[in-house]
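K.L.:
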Amino acid sequence: MARFLARRLLGAAAVLFAVSVLTFLIFQVIPGGDPALRMAGREATPQTVHDVRRAWGFDRPLYEQYATTMEKILDGSVVSYSQQINVEQEIARDLPPTLSLALGAGLIWLLFGVLFGVLGAVRAGRASDRALTVLALLGVSTPIFFLGALMLYYLGYRWGLLPLGGYVPLTRDPWGWFTHMLMPWLALSIASIGIYSRVLRAGILDTLGEDYVRTARAKGLSERRVLVHHVLRNSLIPIVSLWGLDLAAVIGGGAIVVESVFDLHGVGQYAAESIARLDVPPVLVVTLLVACAVVVLGVLVDILYALLDPRIRLSA
Amino acid sequence: MSLPPPTPARSEPTVGTEPPLAAARAPAGPWRLVAARLRRSRPALVCGALVLAVVVACLLAPVYAREVAGTGPDENHITDTVRVGSRTLDVVSPTGVPIGPTWQRRFLLGADPNGRDVAVRLLYGGRNSLEIGALATLVTMLLAVLIGTLAGWFRGLTDGVLSRLLDVIWAFPPVLLGVALGVALAIGGLDLGVVKLSSGSLLLPAAIVGVVFVPYVARPLRGQVLALREREFVDAARVQGRGNVRILTGEILPNLTSTIVVFLPLMLANAILLEAALSYLGAGVQDPNPSWGTMLAEGIRLTPGAIHLVLAPGLMLVLVVFGVNVLGDGLRDALDPRAVAGGRG
Numbered sequence: 004m005a006r007f008l009a010r011r012l013l014g015a016a017a018v019l020f021a022v023s024v025l026t027f028l029i030f031q032v033i034p035g036g037d038p039a040l041r042m043a044g045r046e047a048t049p050q051t052v053h054d055v056r057r058a059w060g061f062d063r064p065l066y067e068q069y070a071t072t073m074e075k076i077l078d079g080s081v082v083s084y085s086q087q088i089n090v091e092q093e094i095a096r097d098l099p100p101t102l103s104l105a106l107g108a109g110l111i112w113l114l115f116g117v118l119f120g121v122l123g124a125v126r127a128g129r130a131s132d133r134a135l136t137v138l139a140l141l142g143v144s145t146p147i148f149f150l151g152a153l154m155l156y157y158l159g160y161r162w163g164l165l166p167l168g169g170y171v172p173l174t175r176d177p178w179g180w181f182t183h184m185l186m187p188w189l190a191l192s193i194a195s196i197g198i199y200s201r202v203l204r205a206g207i208l209d210t211l212g213e214d215y216v217r218t219a220r221a222k223g224l225s226e227r228r229v230l231v232h233h234v235l236r237n238s239l240i241p242i243v244s245l246w247g248l249d250l251a252a253v254i255g256g257g258a259i260v261v262e263s264v265f266d267l268h269g270v271g272q273y274a275a276e277s278i279a280r281l282d283v284p285p286v287l288v289v290t291l292l293v294a295c296a297v298v299v300l301g302v303l304v305d306i307l308y309a310l311l312d313p314r315i316r317l318s319a
Numbered sequence: 074m075s076l077p078p079p080t081p082a083r084s085e086p087t088v089g090t091e092p093p094l095a096a097a098r099a100p101a102g103p104w105r106l107v108a109a110r111l112r113r114s115r116p117a118l119v120c121g122a123l124v125l126a127v128v129v130a131c132l133l134a135p136v137y138a139r140e141v142a143g144t145g146p147d148e149n150h151i152t153d154t155v156r157v158g159s160r161t162l163d164v165v166s167p168t169g170v171p172i173g174p175t176w177q178r179r180f181l182l183g184a185d186p187n188g189r190d191v192a193v194r195l196l197y198g199g200r201n202s203l204e205i206g207a208l209a210t211l212v213t214m215l216l217a218v219l220i221g222t223l224a225g226w227f228r229g230l231t232d233g234v235l236s237r238l239l240d241v242i243w244a245f246p247p248v249l250l251g252v253a254l255g256v257a258l259a260i261g262g263l264d265l266g267v268v269k270l271s272s273g274s275l276l277l278p279a280a281i282v283g284v285v286f287v288p289y290v291a292r293p294l295r296g297q298v299l300a301l302r303e304r305e306f307v308d309a310a311r312v313q314g315r316g317n318v319r320i321l322t323g324e325i326l327p328n329l330t331s332t333i334v335v336f337l338p339l340m341l342a343n344a345i346l347l348e349a350a351l352s353y354l355g356a357g358v359q360d361p362n363p364s365w366g367t368m369l370a371e372g373i374r375l376t377p378g379a380i381h382l383v384l385a386p387g388l389m390l391v392l393v394v395f396g397v398n399v400l401g402d403g404l405r406d407a408l409d410p411r412a413v414a415g416g417r418g
C-alpha cells in the first residue's frame, strides 16, 4: 500500500509538472498573449509597457518566469494579471458550488446509471429495456444547456417549483442549498445516466456468459445473489473508472456549461473568464486543480477496483 | 453461354441486361452483410432518413428563404407587422418581445429580437452546425487514424511522444479545452504557415472541436494496431519484404475500418453537441453567423420572454443528434458479429 501510494505520488508530480509547463507555454505562443501590453492599458506609452514588464518580471527568461510563478502558486501568493486579486482565494470562493455540483450530480448519475443499467440487462430485449435504451440515447443527445434552459423555464419560471439559479452555501441554509442545486444536478446527470446505464448493461450481458456465472447458477444460488455478487461486482469496474474521470473533470471546471446556465459562479466559469482574459496564473491554478483531482480520484478508483475484484492488487 | 472475350471491360459496352459475372458470383462481402443487417434494423433506417431529411432541408435553406419566407437570414424586420388570421401583429413588440410561431409562411416559427425569421435562421444555422460537425469529425478521424497507427506501429519513442500528446489533450475537460482554444483563437485567428484561418471562419470551430476529440478515437485505434502488428498476416507481409507504408495501408488500415465506422456517427453526434456548447459560451460560431448553438444561446438570454427561441434550435439539435446516435447504434450492432437483435438475455 505504501509503495503503491509512493509510486502514484511520483507519477502525479510528473503529470502536474508537465501540465503546468505546457499550459504556461501555450499562453506564450498564442497571439495577443503578451500580458504587459494588456496590463499597461489602452493608451500606454512604450515606457509604461516597459515598466510593467520590468515590475512583473516579464523580461526575465521563460524558465525563470515559470519558476517564480510556480513558487507563488505553491505558497499561495499568486495574483491574477488582469485584476491583481489573489487567485487561490478566488478559487476557494468558487470551489464550494463546483464541489456541491460534482458530488451531488456524481451520486445521482452513478445511482441511476447503475439502476437503469441493471434493469436494462435483466430485461434485455423486452419492451422496458427498449424504452430504457431510447431514453438513454435521448439523454445523451440532449445538449445540457438546452435541458437546463427548459428546466429553468418550466420548473422555475412557469410552475415556480424551484428557484431560478444561483448558489446558496450549504452552511448557511441547507434546504436552500438543496433546492438551488437540484436542477443543476439533474441537468448535469441526465447525459451521464444514459452513458453509464448503456455501458453497464453491455458489461452485465457480457459477464452473464462467463463460466463462473454458470457455476454459480449450478451451485443453486438464487438469481439475485448471482447478479449482485458475481455479475455486478465485475461489471462495475469500468463504471467505477469512468466515474472517477468524469467527477474529476467536473471538479476541474468541466461542468462550465451547467455552471453558467444556472449561474453558480463555479470554477468552470472562473476558468473560462480567465481564459478569455488570457490571464495565465488563474488558468495555471485551475489546470493544476484538474490534474490533482484526476490523480486523487485515480487513486480512489484503483482502491475501489481492489475492493471489487480481489485479483487486482495495488502494486501496478 | 460462354465467357466474354478478355477485352478491357471499359471499352466494351455492357450488352443486354447481363450482370457482370464477377459480381454475380462473388460471395457476399463483409460490408454487404453489414448493409443487409443495417437494412433490417427499422429504427436505424427511420433515423437515417430523418437525419437525411434535415440535411436536405438545411441545404435548401436559400430556396425556403426566397420562395416561402421571402426574407434572408440576416434581414431585420423590427418595425414590420405580420397578419395572423384577421389580426395584424408587430413582429417585435414595442417592449422588445419578438412574435412567437405564426404557423404560416412568414415567421413560421416566429421572430428573434432583431425581427429576423427564426425558421430561415434555423435552416441556415443548421447548415453551419452540420457543416462544422462533419468537418470536425473528419479532422478527428484523420488525426486519430494517423496518430493511432503511427504510435501503435512504431511503438517506442514515437509512441511515447504521441501518447503523451494525447494525454495532454485528454487532461483537459473537452468543453474547457474547447473554450480555451476558441477564445484564444477567436482573437487572432490561426496561422500555421500553410493554413490560415481567420477569426470569423467556420473552419476554426470545426478544427477546435475536431482536435479536442482526437484522443477518444486515437487511443483505441493505437491499442488495436498494437495487437494487429503481432498477427501472422502482418508477419507474412513483412517476410514478403513489404515496407512500412504498404503494410500500414494494405494490411493494418483495412482491419481498422470497422472501428472507424463505429466511431464516425458517435463522433459526429459529439461534435455537433460540442459546437453547440462552444457557441453557447461564445467560443464557437460568431455572430451574425447563425448556428443552432448561437441561436439557443440567444434564446436562453431572453428567457422567459420568448421560449420559442429556445425550443426551435434545441429540438433541432436533439432531433439530429438523436438520429445520428440511433444510426450509430444500428451500425455498431450490424458490424458486431456476436450481436443478436435484442441482446442475449
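Protein chains in written order, with our numbering: chain X, 4 to 319; chain U, 74 to 418.
All residues carry an ideal CB built from backbone N, CA and C; glycine is no exception.
I need the straight-line Cα distance from X/Leu19 to X/Gly255, nearest angstrom please.
P.N.:
Reading the first sequence from its first residue, position 16 is the one you call residue 19 of chain X. Reading the first sequence from its first residue, position 252 is the one you call residue 255 of chain X. Taking the straight line joining both Cα atoms gives about 14 Å.
K.L.:
Would X/Gly169 pass as an interface residue toward chain U - the criterion being a Cβ-Cβ separation below 9 Å?
P.N.:
As a working note, residue 169 of chain X is residue 166 in the first sequence. Not closer than 9 Å to any Cβ of chain U, the Cβ of X/Gly169 fails to qualify, so no.
K.L.:
Between the Cα of U/Val335 and those of U/Thr222, U/Gly401, U/Gly396, U/Pro377, spot the shortest distance and give me the residue it belongs to.
P.N.:
Within the second sequence, numbered from 1, the residue matching residue 335 of chain U stands at position 262. U/Val335 has its Cα closest to that of U/Gly401, out of U/Thr222, U/Gly401, U/Gly396, U/Pro377.
K.L.:
Shorter than 9 Å from the beta carbon of U/Val358 to some beta carbon of chain X?
P.N.:
Here residue 358 of chain U refers to the residue found at position 285 when the second sequence is read from its first residue. False, the Cβ-Cβ gap to chain X never drops below 9 Å.
K.L.:
Under DSSP, the alpha helix (DSSP H) around X/Asp97 begins and ends at which residues?
P.N.:
The count along the first sequence starts at 1 and reaches residue 97 of chain X at position 94. Its alpha helix (DSSP H) spans residues 90–125.
K.L.:
Using DSSP with H/G/I as helix, E/B as strand and the rest coil, what is U/Pro386?
P.N.:
Translated into the one-based positions of the second sequence, residue 386 of chain U becomes position 313. Three-state DSSP puts U/Pro386 in a helix.
K.L.:
Name the one or two DSSP bridge partners that X/Pro284 has.
P.N.:
Sequence index remark: in the first sequence, residue 284 of chain X carries index 281 (1-based). None; X/Pro284 has no bridge partner.
K.L.:
Any beta carbon of chain X sitting closer than 9 Å to that of U/Thr376?
P.N.:
As a position in the second sequence, residue 376 of chain U is number 303, starting the count at 1. Yes, contact with chain X.
K.L.:
Report yes if the C-beta of U/Val312 is less than 8 Å from at least one heavy atom of the ligand SAH; otherwise report no.
P.N.:
Ligands displayed in this structure: none; no statement on the ligand SAH is therefore possible.
K.L.:
Does X/Phe27 come within less than 9 Å of chain U when only Cβ atoms are used?
P.N.:
The residue labelled residue 27 of chain X in the question sits at position 24 within the first sequence. No - not a single Cβ of chain U is within 9 Å of the one on X/Phe27.
K.L.:
When the cut-off is 9 Å and only beta carbons count, does X/Arg6 lie next to chain U?
P.N.:
The count along the first sequence starts at 1 and reaches residue 6 of chain X at position 3. Not one chain U Cβ lies under 9 Å of X/Arg6.
K.L.:
Please identify the residue among X/Lys222, X/Arg129, X/Val117 whose C-alpha is closest to the C-alpha of X/Phe193.
P.N.:
Residue numbering aside, residue 193 of chain X sits at position 190 when the first sequence is read from its first letter. Note that residue 193 of chain X corresponds to Ile in the displayed sequence, not to Phe. Residue X/Val117 is the option with its Cα nearest to X/Ile193.
K.L.:
Curious, which full-length alpha helix (DSSP H) runs of at least 4 residues does the segment 203–252 of chain X contain?
P.N.:
You should have 214–221, 236–252.
K.L.:
Which of the three DSSP states, helix, strand or coil, is assigned to U/Thr376?
P.N.:
Residue 376 of chain U sits at position 303 when you count from the first residue of the second sequence. Three-state result, U/Thr376: coil.
K.L.:
State the beta-bridge partners of U/Leu162 as determined by DSSP.
P.N.:
Numbered from 1 along the second sequence, position 89 holds the residue referred to as residue 162 of chain U. Beta-bridge pairing links U/Leu162 to U/Val155.
K.L.:
X/Val152 touches chain U at which residues, Cβ-Cβ below 8 Å?
P.N.:
The residue you call residue 152 of chain X lines up with position 149 of the first sequence. According to the sequence provided, residue 152 of chain X is Ala. The question's Val does not apply to it. Simply Leu369, Gly372, Ile373, Thr376, Val383, Gly387.
K.L.:
Examine the Cβ distances between the segment 67–74 of chain X and the segment 149–162 of chain X and report whether three or more of them are shorter than 8 Å.
P.N.:
Touching, no.
K.L.:
Give the residues of chain U in contact with X/Val297, contact being defined as C-beta atoms less than 8 Å apart.
P.N.:
Walking along the first sequence from the start, residue 297 of chain X turns up at place 294. Near X/Val297 (Cβ distances below 8 Å), the residues of chain U are Ala244.
K.L.:
Just tell me which of X/Asp78, X/Val283, X/Trp246 has its CA closest to the CA of X/Gly3.
P.N.:
The first residue shown for chain X is 4 and the last is 319, placing residue 3 of chain X beyond what the model contains.
K.L.:
Identify the continuous alpha helix (DSSP H) that holds U/Asn149 and give its terminal residues.
P.N.:
As a working mapping, residue 149 of chain U is identified with position 76 in the second sequence. From DSSP, U/Asn149 is part of no alpha helix (DSSP H); its letter is neither H nor E.
K.L.:
Would you say U/Gly233 lies against chain X (beta-carbon separation less than 9 Å)?
P.N.:
Counted from its first residue, the second sequence places residue 233 of chain U at position 160. No, no contact with chain X.
K.L.:
Using three-state DSSP, classify U/Asp190 as helix, strand or coil.
P.N.:
Locating residue 190 of chain U in the second sequence gives position 117, counting from the first residue. Looking at U/Asp190 - three-state DSSP - the assignment turns out to be strand.
K.L.:
Just to make sure I have the definition right: I need the residues of chain U whose C-beta is within less than 7 Å of the C-beta of X/Gly271. Which are they?
P.N.:
Counting from one through the first sequence, the residue named residue 271 of chain X turns up at place 268. Simply Leu249.
K.L.:
Give the secondary structure of X/Val82 by DSSP, where H, G and I count as helix, E and B as strand, and everything else as coil.
P.N.:
What you label residue 82 of chain X is simply residue 79 of the first sequence in a count that begins at 1. Strand.
K.L.:
Let me make sure I understand the geometry here. Which of X/Asp54, X/Ala105, X/Arg6, X/Leu153 has the alpha-carbon closest to that of U/Ile373?
P.N.:
Working through the second sequence from its first residue, we reach residue 373 of chain U at position 300. Considering only alpha carbons, the answer is X/Leu153.
K.L.:
Please go through the same chain and pick out, in chain order, the residues whose beta-carbon is closer than 6 Å to the beta-carbon of X/Pro284, but skip the five residues on each side of it.
P.N.:
The residue you call residue 284 of chain X lines up with position 281 of the first sequence. For X/Pro284, where only same-chain residues beyond five positions count, the Cβ hits under 6 Å are Val81, Ser83, Val90.
K.L.:
In whole angstroms, give me the CA-to-CA distance for X/Val216 and U/Ser364.
P.N.:
Position 213 of the first sequence holds residue 216 of chain X. Position 291 of the second sequence holds residue 364 of chain U. Approximately 51 Å between the Cα atoms of the pair.
K.L.:
In chain order, what residues of the same chain have a beta carbon less than 7 Å from the beta carbon of X/Trp112, not counting five sequence neighbours either side?
P.N.:
Stepping through the first sequence from its first residue, residue 112 of chain X is reached at position 109. Excluding sequence neighbours, X/Trp112 sits near Ser192, Ser195, Ile196, Tyr199.
K.L.:
Between the C-alpha atoms of U/Leu118 and U/Gly396, what's the straight-line distance to the nearest angstrom?
P.N.:
Along the second sequence, one-based indexing puts residue 118 of chain U at 45. Along the second sequence, one-based indexing puts residue 396 of chain U at 323. For U/Leu118 and U/Gly396, the distance between alpha carbons rounds to 10 Å.
K.L.:
So what does U/Ala184 bridge to, in DSSP terms?
P.N.:
Your numbering for residue 184 of chain U matches position 111 in the second sequence. The partner list for U/Ala184 (beta bridge, DSSP) reads U/Asp190.
K.L.:
Using CA atoms only, rank isn't needed, just tell me which of U/Pro116, U/Arg112, U/Val127 is closest to U/Val393.
P.N.:
To locate residue 393 of chain U, count along the second sequence from 1; it is residue 320. When only C-alpha atoms are compared, the closest one is U/Val127.
K.L.:
Return the Cβ separation of X/Met186 and X/Leu165 in integer angstroms, given the expectation that the two are a contact with Cβ distance under 8 Å.
P.N.:
Here the question's residue 186 of chain X lines up with position 183 in the first sequence. Here the question's residue 165 of chain X lines up with position 162 in the first sequence. Contact flag correct, Cβ pair sits at about 6 Å.
K.L.:
Tell me which residues share the same chain as X/Leu208 and place their Cβ nearer than 8 Å to its Cβ, disregarding the 5 neighbours each side in the sequence.
P.N.:
Position 205 of the first sequence holds residue 208 of chain X. Excluding residues within five positions, the ones whose Cβ falls inside 8 Å are Ala124, Ala127.
K.L.:
Identify which residue in X/Ser23, X/Val289, X/Leu311, X/Ser144 has its Cα closest to the Cα of X/Arg96.
P.N.:
By one-based count along the first sequence, residue 96 of chain X stands at place 93. Cα-wise, what sits closest to X/Arg96 is X/Val289.
K.L.:
By Cβ distance below 6 Å, which residues in the same chain neighbour U/Arg110 in space, the five residues on each side in sequence not counted?
P.N.:
Taking the second sequence and counting its residues from 1, the one referred to as residue 110 of chain U is at position 37. Cβ neighbours of U/Arg110 beyond the five flanking positions: Ala407.
K.L.:
With distance defined between alpha-carbon atoms, name the residue in X/Ala70, X/Phe181, X/Val171 nearest to X/Val24.
P.N.:
One-based indexing of the first sequence puts residue 24 of chain X at position 21. It is X/Ala70.
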